[in-house]
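**Student:** Before we start, here is the structure in question, set down as structure tokens.
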Amino acid sequence: MTDFLELVVAKYNYWIYITLMMIGLYAIIAKNNLVKKILGMNIFQTAIILFYVSTGVKEGATIPILEHAHGPAHGAETHAIHAADYMNPLPHVLMLTAIVVGVATLGVALALALRVYRHYNTLEEDEILAQIRKK
Amino acid sequence: MSQQYPALVVVVPLLSAFLISPAGWANKRLCFPIALVALAMATGSAVGLLFRVMNEGVIVYRLAGWDPPWGISYYVDHLNALVLVVVAVVALANLIPAKKSIEREFPDNQGAFYTLYILMVTGLLGIVVTGDAFNLYVLLEIAALTGYGLLAMGEGGRAPLATLNYLYMGTIGACFYLLGVGYLYIMTGSLNMVDIAGLLPSIYESKAVVAAFIICMVGVWLKMAFFPLHAWLPNSYTYASSPASSLIAPLATKVMIYVMIRLILTVFTPDFTFITLSISKAVVWLAVVAIVMGAFLALKERSLKKMLTYIIVAEVGYMVGGAWLGNRAGMTGAILHIANDALMTLCVFLAVGNIVYRTKGHHFENLQGLFKKMPFTMGGFVIGAVSIIGVPPTCGFFSKWYLITGAIQSGQYHFMVALLFSSLVSVVLFFRVIEISYYEPFSDHHGHGHDHHTTPMEEAPLSMVIPLLIVAAGLILVGLYTGDIVEHIISFAVPEGLV
Chain A
1 MTDFLELVVA
11 KYNYWIYITL
21 MMIGLYAIIA
31 KNNLVKKILG
41 MNIFQTAIIL
51 FYVSTGVKEG
61 ATIPILEHAH
71 GPAHGAETHA
81 IHAADYMNPL
91 PHVLMLTAIV
101 VGVATLGVAL
111 ALALRVYRHY
121 NTLEEDEILA
131 QIRKK
Chain B
1 MSQQYPALVV
11 VVPLLSAFLI
21 SPAGWANKRL
31 CFPIALVALA
41 MATGSAVGLL
51 FRVMNEGVIV
61 YRLAGWDPPW
71 GISYYVDHLN
81 ALVLVVVAVV
91 ALANLIPAKK
101 SIEREFPDNQ
111 GAFYTLYILM
121 VTGLLGIVVT
131 GDAFNLYVLL
141 EIAALTGYGL
151 LAMGEGGRAP
161 LATLNYLYMG
171 TIGACFYLLG
181 VGYLYIMTGS
191 LNMVDIAGLL
201 PSIYESKAVV
211 AAFIICMVGV
221 WLKMAFFPLH
231 AWLPNSYTYA
241 SSPASSLIAP
251 LATKVMIYVM
261 IRLILTVFTP
271 DFTFITLSIS
281 KAVVWLAVVA
291 IVMGAFLALK
301 ERSLKKMLTY
311 IIVAEVGYMV
321 GGAWLGNRAG
331 MTGAILHIAN
341 DALMTLCVFL
351 AVGNIVYRTK
361 GHHFENLQGL
371 FKKMPFTMGG
381 FVIGAVSIIG
391 VPPTCGFFSK
401 WYLITGAIQS
411 GQYHFMVALL
421 FSSLVSVVLF
431 FRVIEISYYE
441 PFSDHHGHGH
451 DHHTTPMEEA
461 PLSMVIPLLI
471 VAAGLILVGL
481 YTGDIVEHII
491 SFAVPEGLV
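Taken in order, these protein sequences are the chains called A and B. So in this note's numbering, spot 99 of the first sequence is number 99, and the numbers just go up one at a time. So in this note's numbering, spot 462 of the second sequence is number 462, and the numbers just go up one at a time.
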């Protein structure tokens with residue numbers, strides 16, 4: 001039991017992203033309302049964004065802006081730059097793109113839901129399917 | 001100029017998409033010529049690239065001059081040069097017949113349709129040409145999002161609803177791929193495919209690498225509609241407008257199969273995929289189930305277009321199974337089938353597009369008397385059907401031949417049985433269609449169906465018939481030149497280690 005707890009605590013960022021992913025997946029599969037499904041999909045995407053962002057973090061590191069980067073010109077001594085002192089900015093930059101993709105997907109999905117609503121006058125999937133079956 | 005082909009193949013359609021959108025506001029008639037020129041240039045670049053690769057070998061193109069592990073590089077070898085040509089040619093061949101249907105179905109939204117069309121092709125070409133795992137994800141989403149837009153512009157409420165289902169599944173698939181890439185990035189610190197491939201072998205034992213591979217695969221299978229994950233495909237393709245479905249049906253699934261093969265061959269090694277991971281037999285069994293179920297589900301359909309979508313599901317099973325057989329013949333068959341199946345699917349979907357243009361429906365009742373009414377369209381359809389069944393000298397026969405050879409060599413006879421079974425079912429499927437359209441007379445009004453007056457010929461416009469016939473002729477030509485394609489292109493695409 002303690003082993004398991006240690007595993008959870010040591011890698012809690014992974015547990016959070018998996019939990020969020022499963023919440024999103026549950027909403028996509030189980031919810032009846034189209035907008036709820038779309039939100040579930042968005043939670044799913046956000047979980048992966050959080051996962052990426054958390055992988056860039058290092059213990060005791062600071063934001064990735066070099067200190068003393070100008071070197072001795074201002075009278076300071078030259079400092080060696082250690083990668084371990086700075087967080088990894090690359091996953092964060094990648095996720096800027098993924099956020100844009102997520103927003104675009106959400107926009108397209110909501111636009112589609114709107115078109116579905118205009119045609120069937122409802123967003124509940126069972127009612128839509130009932131209307132389709134009636135024809 | 002030829003040095004810039006890898007960039008041109010993506011940049012030209014991308015920029016022209018931005019031109020088409022305002023052009024659509026100013027004058028609708030400008031959209032088609034711009035799209036045509038852009039795709040013609042992309043096709044030219046893709047063909048030029050294929051010849052360059054055949055002469056010089058692998059081309060690595062550094063975007064903005066950044067060296068590979070840091071910048072994004074385009075990586076072109078024999079495998080993706082071939083797929084690039086296929087994507088560009090199919091998109092171009094579909095654009096010309098699409099013009100008439102677009103004019104009729106979306107008279108007010110032509111600019112939007114052409115913009116989405118060109119952006120989708122940009123995304124697909126980008127997926128194929130890129131050598132960066134994350135860049136591939138972004139292009140995957142570009143192709144997917146524009147694809148949703150195209151598919152949703154279809155029949156009433158069914159098209160948006162089916163597209164919404166596709167959107168959930170497509171997003172989950174792309175997210176799984178992104179997650180797999182994230183695992184690879186954690187393990188290797190790189191996003192460049194060739195760089196990752198160099199860093200991975202020392203950590204193949206790691207569970208995270210195995211997880212990364214499997215998560216990527218599941219994501220890609222979702223996007224290609226591999227059998228248990230296929231549920232989004234049939235409805236979204238059936239209710240879409242014909243120009244959209246005849247672009248997306250041949251290309252979207254095939255490009256994802258290319259991504260799968262790229263992951264197996266370049267990012268990971270065949271040794272890792274087929275030997276270290278002992279799941280290849282299980283995947284071939286899944287492919288067998290996909291083929292058999294695709295064939296069965298196609299049998300019960302009474303709509304020509306929906307029947308064809310289930311055939312796509314079965315064909316995806318062919319290619320996944322072939323790639324996972326784990327030998328040279330199977331992989332050759334899978335790569336050859338990417339090209340062949342794209343052309344065959346295009347051929348039959350173009351024929352369906354012509355039929356829908358004239359009869360306004362794609363159900364079996366709409367097919368009656370079509371051989372008299374639209375002889376050239378049906379001629380093209382029959383050639384496509386014969387190729388899907390796998391009759392020589394059409395190209396479908398040769399890729400099936402390689403797949404069956406691969407199945408026999410690896411001793412996985414169930415895959416061979418599935419291929420033969422699916423060919424037999426295809427015979428039944430297509431002869432049913434041909435029987436209805438040949439023997440049952442055309443009836444516009446009930447009760448007059450059995451009159452003996454001759455049905456007037458009412459062929460689709462020439463701009464729709466000629467591309468169809470060219471594609472149909474292409475099926476036979478590609479079949480006749482299969483030996484050359486395999487010898488000069490595909491044999492270099494399959495790594496030497498794979499026997």
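Every residue gets a Cβ at the ideal spot worked out from N, C-alpha and C, and that includes glycine.
Under 7 Å between C-beta atoms, does Arg133(A) make it to chain B?
**Tutor:** Chain B, which has no Cβ nearer than 7 Å to the Cβ of Arg133(A), makes this no.
**Student:** Determine contact between the segment 177-195 of chain B and the segment 131-139 of chain B, defined as no fewer than three beta-carbon pairs at a distance below 8 Å.
**Tutor:** Yes: at least three Cβ pairs fall under 8 Å.
**Student:** Which parts of the segment 96-162 of chain B are runs of the alpha helix (DSSP H), unbroken and 4 residues or longer, counting only runs that do not cross its ends?
**Tutor:** With a minimum length of 4 residues, the continuous alpha helix (DSSP H) runs that stay inside the segment 96-162 of chain B are 110-129 and 133-152.
**Student:** With a CB to CB cut of under 8 Å and the five nearest residues on each side skipped, what residues in its chain are close to Leu25(A)?
**Tutor:** Only Gly40 and Phe44 meet the Cβ criterion.
**Student:** Provide the residue(s) that pair with Asn33(A) in DSSP beta bridges, ordered along the chain.
**Tutor:** According to DSSP, Asn33(A) bridges with Glu124(A).
**Student:** If you follow the alpha helix (DSSP H) that Ile196(B) is in, where does it begin and where does it stop?
**Tutor:** Start and end: Met193 to Leu199.
**Student:** In chain B, which residues lie with their C-beta within 8 Å of the C-beta of Met41(A)?
**Tutor:** Ordered by position in chain B, the residues that pass the 8 Å Cβ test against Met41(A) are Leu167, Tyr168, Thr171 and Ile172.
**Student:** If you drop the 5 nearest sequence neighbours on each side, which residues of the same chain put their C-beta closer than 7 Å to that of Tyr481(B)?
**Tutor:** Closer than 7 Å at Cβ, skipping near neighbours: no residue.
**Student:** Measuring only between beta-carbons, confirm whether Leu164(B) sits less than 7 Å from chain A.
**Tutor:** Yes, its Cβ sits closer than 7 Å to a Cβ of chain A.
**Student:** Checking 7 Å against the spacing of the C-beta atoms, do Leu116(B) and Leu150(B) come in under that value?
**Tutor:** Yes; because the gap between Cβ atoms is below 7 Å, this pair is in contact.
**Student:** What distance in whole Å lies between the Cβ atoms of Tyr204(B) and Thr276(B), which are believed to be in contact at a cut-off of 8 Å?
**Tutor:** The Cβ separation is near 6 Å, so the contact holds.
**Student:** To the nearest angstrom, how far is it from the Cα of Gln110(B) to the Cα of Glu103(B)?
**Tutor:** Those two C-alpha atoms are separated by around 7 Å.
**Student:** Can the beta-carbon of Ala290(B) be found closer than 7 Å to that of Gly333(B)?
**Tutor:** In this structure, Gly333(B) does not lie closer than 7 Å to Ala290(B) by Cβ.
**Student:** Determine which residues of the segment 38-64 of chain A have a Cβ less than 7 Å from any Cβ of chain B, and write them out in chain order.
**Tutor:** Flagged, chain order: Met41, Phe44, Gln45, Ile48, Phe51, Tyr52 and Thr55.
**Student:** Residues of the segment 185-210 of chain B in Cβ contact with chain D at a cutoff of 9 Å, in chain order, please.
**Tutor:** In the structure shown, chain D cannot be found, because the protein chains are A and B.
**Student:** If we require 4 or more residues per run, which alpha helix (DSSP H) segments fall completely within the segment 293-376 of chain B?
**Tutor:** Segments of the alpha helix (DSSP H) lying fully in the segment 293-376 of chain B: 304-324, 328-359 and 370-373.
**Student:** If distances are taken between C-alpha atoms only, which option among Gly380(B), Tyr258(B) and Gly322(B) comes closest to Met416(B)?
**Tutor:** The shortest Cα separation from Met416(B) among Gly380(B), Tyr258(B) and Gly322(B) belongs to Gly322(B).
**Student:** Just checking: is the beta-carbon of Val138(B) within a distance shorter than 7 Å of some beta-carbon in chain A?
**Tutor:** Cβ-Cβ to chain A under 7 Å: yes for Val138(B).
**Student:** Taking the alpha carbon of Leu145(B) as the point to measure from, which residue in Glu155(B), Arg158(B), Val53(B) and Tyr168(B) has its own alpha carbon closest?
**Tutor:** The shortest Cα separation from Leu145(B) among Glu155(B), Arg158(B), Val53(B) and Tyr168(B) belongs to Tyr168(B).
**Student:** What does Pro160(B) reach in chain A if we use C-beta pairs closer than 7 Å?
**Tutor:** Result: Leu112, Arg115 and Val116.
**Student:** Any C-beta of chain B sitting closer than 7 Å to the C-beta of Leu94(A)?
**Tutor:** So yes, Leu94(A) belongs to the interface.
**Student:** Excluding five sequence neighbours on each side, which residues of the same chain lie with their C-beta closer than 8 Å to the C-beta of Tyr120(A)?
**Tutor:** These residues qualify, in order along the chain: Glu127, Ile128 and Gln131.
**Student:** Kindly list, in the order they appear in chain A, the residues whose Cβ is closer than 8 Å to that of Glu141(B).
**Tutor:** Correct list: Val101, Ala104 and Thr105.
**Student:** Please classify Gln412(B) as buried or exposed, where buried requires at least 16 neighbouring CB atoms within 10 angstroms.
**Tutor:** Result: buried.
**Student:** For chain A, find out if any of its Cβ atoms is closer than 7 Å to the Cβ of Ala152(B); answer yes or no.
**Tutor:** Yes, because at least one Cβ of chain A sits closer than 7 Å to the Cβ of Ala152(B).
**Student:** Can you tell me which of the three DSSP states Ser241(B) falls into?
**Tutor:** Coil.
**Student:** Using beta-carbon positions only, say whether Leu95(B) and Pro270(B) come within less than 7 Å of one another.
**Tutor:** Taking 7 Å as the Cβ cut-off, Leu95(B) and Pro270(B) do not qualify as a contacting pair.
**Student:** Could you check the C-alpha separation between Leu336(B) and Ser410(B) for me, to the nearest Å?
**Tutor:** Each residue's Cα considered, the two are about 19 Å apart.
**Student:** Report the rounded CA-to-CA distance for Leu7(A) versus Lys207(B), giving the unit in angstroms.
**Tutor:** Taking the straight line from one Cα to the other gives about 16 Å.
**Student:** Bridge partners for Arg548(B) per DSSP, in chain order?
**Tutor:** Missing from the structure shown is residue 548(B); chain B here goes from 1 to 499 and no further.
**Student:** For Leu34(A), return the contacting residues in chain B, with the cut-off set at a CB-CB distance below 9 Å.
**Tutor:** What Leu34(A) touches in chain B: Leu161 and Leu164.
**Student:** Taking Cβ positions only, does Cys395(B) come closer than 7 Å to chain A?
**Tutor:** No, its Cβ sits nowhere closer than 7 Å to a Cβ of chain A.
**Student:** Note down, in chain order, each residue of its chain lying with its Cβ closer than 7 Å to the Cβ of Leu429(B), except the 5 sequence neighbours on either side.
**Tutor:** Around Leu429(B): Ala298, Leu299 and Met307.
**Student:** Would you check whether the ligand NAD has a heavy atom nearer than 6 Å to the C-beta of Leu140(B)?
**Tutor:** Among the components of this structure there are no ligands whatsoever, and the ligand NAD is therefore not found.
**Student:** Identify which residue in Asn55(B), Ile186(B) and Ser45(B) has its Cα closest to the Cα of Val83(B).
**Tutor:** When each option's Cα is compared against that of Val83(B), the closest is Ser45(B).
**Student:** What residues are listed by DSSP as bridge partners for Thr62(A)?
**Tutor:** Its beta-bridge partners are Tyr86(A).
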